[in-house]
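In our numbering, the protein residues as written are 2 to 488.
(1) Taking just the CA atoms, how far does residue 135 sit from residue 192?
(2) Which same chain residues, not among the five before or five after residue 446, have their C-beta less than 6 Å away from its C-beta?
(3) Which of the three DSSP states is assigned to residue 111 in this structure?
(4) For the alpha helix (DSSP H) that residue 205 lies in, which residues bound it at each end?
(5) Use the C-beta contact count for residue 166: other C-beta atoms within 10 angstroms, 16 or more gives buried, fewer gives exposed.
(6) Quick one: what's residue 299 bridged to in DSSP?
(7) Between residue 52 and the rest of its own chain, which residues show a CB-CB distance below 7 Å, the 5 nearest in sequence each way excluded?
(8) Going by C-alpha to C-alpha distance, which of 240, 270, 297, 382 sits closest to residue 199?
(9) Could you check whether the region 257-274 touches the region 233-247, counting it as contact only if at least three pairs of C-beta atoms, one from each stretch, sit closer than 8 Å?
(10) To the nearest angstrom, report how far apart residue 68 and residue 178 are at their CA atoms.
(11) Is DSSP giving residue 268 helix, strand or coil here?
(12) So is residue 309 buried or exposed if we call it buried at 16+ other beta carbons inside 10 Å?
(13) How do the region 414-425 and the region 394-404 stand: do at least 3 beta-carbon pairs fall below 8 Å, yes or no?
(14) Could you check what DSSP says for residue 156 in three-state terms: helix, strand or coil?
(15) Look at the alpha carbon of residue 202 and the alpha carbon of residue 303, and state the distance between them as a whole number of angstroms.
(16) CA-CA distance, residue 194 and residue 115?
(17) What separation, rounded to the nearest whole angstrom, lies between the Cα atoms of residue 222 and residue 176?
(18) Based on Cα-Cα distance, which residue from 288, 443, 457, 412 lies nearest to residue 431?
(19) Note down, one range per segment and in chain order, each alpha helix (DSSP H) of at least 4 residues found wholly within the region 351-403.
(20) So what does residue 161 bridge to, in DSSP terms?
(21) Please report the residue range of the alpha helix (DSSP H) in which residue 503 lies.
(22) Express the C-alpha separation of residue 112 and residue 347 in angstroms, rounding to a whole number.
(23) Looking at chain B, is there any beta carbon in it that lies within less than 8 Å of the beta carbon of residue 39?
(24) Terminal residues of the continuous beta strand (DSSP E) containing residue 485?
(25) Is the separation between the beta-carbon of residue 104 and that of residue 125 shorter than 8 Å?
(26) Taking 7 Å as the limit between beta carbons, can you name the residues of its chain near residue 356, skipping five residues before and five after?
(27) Taking the straight line between their C-alpha atoms, what separation do you get for residue 66 and residue 170?
(28) Please classify residue 414: does DSSP put it in a helix, a strand, or coil?
(29) Taking buried to mean at least 16 other C-beta atoms within 10 Å of its own C-beta, is residue 337 buried or exposed?
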């Protein structure tokens with residue numbers, strides 16, 4: 002998202018990039034996207050010593066190829082929330098200090114009795130079956146570690162076996178292609194699934210965390226939730242489908258993971274899911290690593306549940322929920338009373354200090370408002386959040402004010418802005434890491450970092466100048482800043 006007023010106001014509204022488009026998938030097939038080939042695992046230099054911690058982060062990620070725009074048409078806009086969340090997840094996971102990625106896909110070679118592990122030192126795959134052969138990933142496998150895992154796992158009582166060597170499936174290709182910064186320079190271990198009971202996958206995840214305690218790794222659990230959410234879903238509608246998804250997402254939001262592990266097998270069967278077994282491995286590993294789950298997005302526009310959930314050691318999901326609730330309460334109260342609420346007591350620790358804040362509202366994945374401050378204007382970030390949640394709802398000039406009956410459908414993204422610093426050279430900019438502020442005279446504009454479609458500092462400056470109505474080639478004052486996303 003980009004943001005920028007054309008005057009030196011402390012309030013800025015954001016305008017998002019053009020929507021991506023994709024073709025509607027056929028029944029029983031997810032759609033996909035096409036882009037250039039990507040290779041992971043080759044690093045010019047490896048650190049002398051790796052941190053000893055096991056899993057430092059992880060994620061549950063949906064894998065519909067419709068995320069990748071070149072395959073489709075206008076229908077890909079319906080999964081915009083998932084695409085945005087994947088970009089947010091890439092930013093979160095890319096900061097984890099890890100050199101290894103364990104990737105679990107339900108569509109990789111599988112066995113009823115044993116869990117397959119790939120052994121080849123190199124793996125590759127594409128989306129040719131989704132009419133996008135140009136979407137291709139290549140990865141380097143830590144073959145020595147894979148061999149050790151099979152031997153040690155068998156000794157520990159887990160039936161691990163070598164996987165049939167085939168091309169990487171879309172359950173691997175889509176996440177790896179969608180998380181380029183996360184996967185850069187990482188070697189991989191690729192796992193399939195088996196017919197084990199759910200509890201056995203949880204136990205295996207816990208064992209995996211202990212086995213990798215002398216490593217630093219992330220775990221990517223690839224999987225969609227129910228494929229039976231609506232009558233036009235790939236496998237038709239079952240009432241258990243929406244129920245299953247609600248139970249899983251609610252449990253992840255509240256970190257009540259034991260509720261997922263205790264799901265009725267009949268409910269799971271009727272839901273028609275493909276992500277529960279990879280998720281169970283992640284839950285076992287995440288519990289051992291003391292990770293917290295944060296739901297970044299969930300939607301089911303094609304009758305299939307698409308989750309994007311980060312597992313990190315940072316902000317707890319309870320805090321994320323508190324922040325969502327605070328923003329929603331601020332908007333609801335203002336629409337009813339025209340008064341701003343006071344922050345709750347105690348104020349969440351992340352919101353206790355002064356900070357510039359941007360609040361982005363979306364409804365069903367569509368932008369509904371985005372307003373924020375360039376510098377702190379209130380005593381705490383909590384006060385700032387309340388002010389700009391309301392401003393995003395009723396004062397973004399690009400949209401009609403939010404109605405009271407819309408509040409429940411809003412998703413709220415809160416970003417804290419670090420203090421800006423002057424930039425002397427364009428080489429100091431990185432549009433994926435830093436937002437920018439451009440100024441000339443009494444005109445200025447702000448661009449948040451990691452905007453879709455902006456890949457270079459030059460593009461970032463040009464877009465900001467266009468927002469502010471400034472000649473790109475006139476002398477400019479430039480500042481850069483980092484952001485931290487809380488929801």
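Where a beta carbon is used, it is the ideal one built from N, C-alpha and C, also for glycine.
Quick answer:
(1) 24 Å
(2) 5, 439, 465, 468, 469
(3) coil
(4) 199-212
(5) exposed
(6) 308
(7) Confidence in residue 52 is poor, its pLDDT being 42 and thus under 50, which makes the residue's placement unreliable; the coordinate value appears in the next sentence. 98, 217.
(8) 270
(9) yes
(10) 10 Å
(11) helix
(12) buried
(13) no
(14) helix
(15) 28 Å
(16) 8 Å
(17) 9 Å
(18) 457
(19) 382-395
(20) 116
(21) There is no way to answer for residue 503, as the model of the chain reaches only from 2 to 488.
(22) 51 Å
(23) Structure shown: chain B not included; a single protein chain is present.
(24) 484-486
(25) no
(26) 377, 382, 385, 417, 418
(27) 11 Å
(28) strand
(29) exposed
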